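Chemist: Below you will find the structure I want to go over with you.
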Amino acid sequence: MKNKKIIISGPPGSGKTSIINKLKNLGYLCFSEVTPPKLDLSKSKNKLKISEYLFEQRIHQYYSNNIKLSFYDRSIIDVVAYMNYWKMEYPNKWDKQINDLQYSKKVFYTPSWKSIYIQSEVRQETFSEATKIDIFLRQAYHSFNYEIIELPKKNIDHRVNFIINSL
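So in numbering that gives the first Met the number 0, spot 46 of the sequence shown is number 45, and the numbers just go up one at a time.
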């Protein structure tokens, strides 16, 4: 089996972390979502700092692994999607870096799902904002020629089995 680095992406509050945790419990190598430093997001310079930090940390996650099958809670493409959502430019070199990384071209995608969405101190986006981010994430993955495989809005076990059976 060729190395498979599987991305699980989707907007805030759509179940990504629960899926990653279940996959970990089943013995799969999983990389959790990188937590950004706490900065005031109302300032553009902080959004750029956070984005650069996330981008670099996710690249580090990618290169720290040579296991045949692994799962990632988001990827560097998510960082680009958020920059686009914020209507901010990102460094030109990011496009090349994204194209150089060999994630699996099939991305398992957790769509917006109002009935499981919970806003919190960590997840500050409203559900309305999360659905807008959903659009930018889909656009970003398509722009880098990834195929989005939308996960069904079912319980965690069903979603995880869907992923495993799709590999």
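We put the CB at the ideal spot given by N, CA and C, even for glycine. All values reported here derive from a predicted model rather than from experimental measurement.
Span of the alpha helix (DSSP H) holding Ile132?
Modeler: Ile132 -> alpha helix (DSSP H) spans Phe126 to Ser142.
Chemist: Return helix, strand or coil for Ile147, following the three-state DSSP convention.
Modeler: If DSSP states are grouped into helix, strand and coil, Ile147 belongs with the strands.
Chemist: Taking DSSP's pairing of strands, which residues face Lys105 in a bridge?
Modeler: Glu146, per the DSSP bridge assignment.
Chemist: Would you decide whether Thr125 is buried or exposed? Buried here means 16 or more other CB atoms lie within 10 Å of its CB.
Modeler: Thr125 comes out exposed.
Chemist: How should Ile162 be labelled, buried or exposed, when 16 other C-beta atoms within 10 angstroms of its C-beta is the threshold for buried?
Modeler: Buried, since its Cβ has 16 or more Cβ neighbours within 10 Å.
Chemist: Measure the C-alpha to C-alpha separation of Leu28 and Tyr84 and round it to an integer number of angstroms.
Modeler: The alpha-carbon atoms of Leu28 and Tyr84 are separated by roughly 30 angstroms.
Chemist: If you reduce the DSSP assignment to three classes, tell me which class Leu68 lands in.
Modeler: DSSP places Leu68 in strand when its eight states are reduced to three.
Chemist: Just to check my reading of the structure: Phe107 and Ile5 have Cβ atoms closer than 8 angstroms, yes? What is that Cβ distance to the nearest angstrom?
Modeler: Between Ile5 and Phe107 the Cβ distance is about 7 angstroms, and since that is below 8 angstroms, they are a contact.
Chemist: Considering only the beta carbon of each residue, do Tyr140 and Ile148 sit closer than 7 angstroms?
Modeler: Contact: no.
Chemist: DSSP puts Lys4 in a beta bridge; with which residues?
Modeler: DSSP lists Ser69 as partners of Lys4.
Chemist: With His9 and Tyr116 assumed to form a contact (beta carbons below 8 angstroms), what rounded beta-carbon distance in angstroms separates them?
Modeler: Checking the sequence, you will find Gly at residue 9 rather than His. So it is not a contact: roughly 11 angstroms between Cβ atoms.
Chemist: Rank Ser165, His157 and Tyr81 by C-alpha distance to the C-alpha of Ser17 and give the top, closest one.
Modeler: Out of Ser165, His157 and Tyr81, His157 has the C-alpha closest to the C-alpha of Ser17.
Chemist: For Lys3 and Lys86, I'd like the C-alpha separation in whole angstroms.
Modeler: Lys3 and Lys86: Cα-Cα distance of roughly 32 angstroms.
Chemist: From Leu150 to Tyr61, what does the alpha carbon distance come to, in whole angstroms?
Modeler: Cα-Cα distance, rounded: 23 angstroms.
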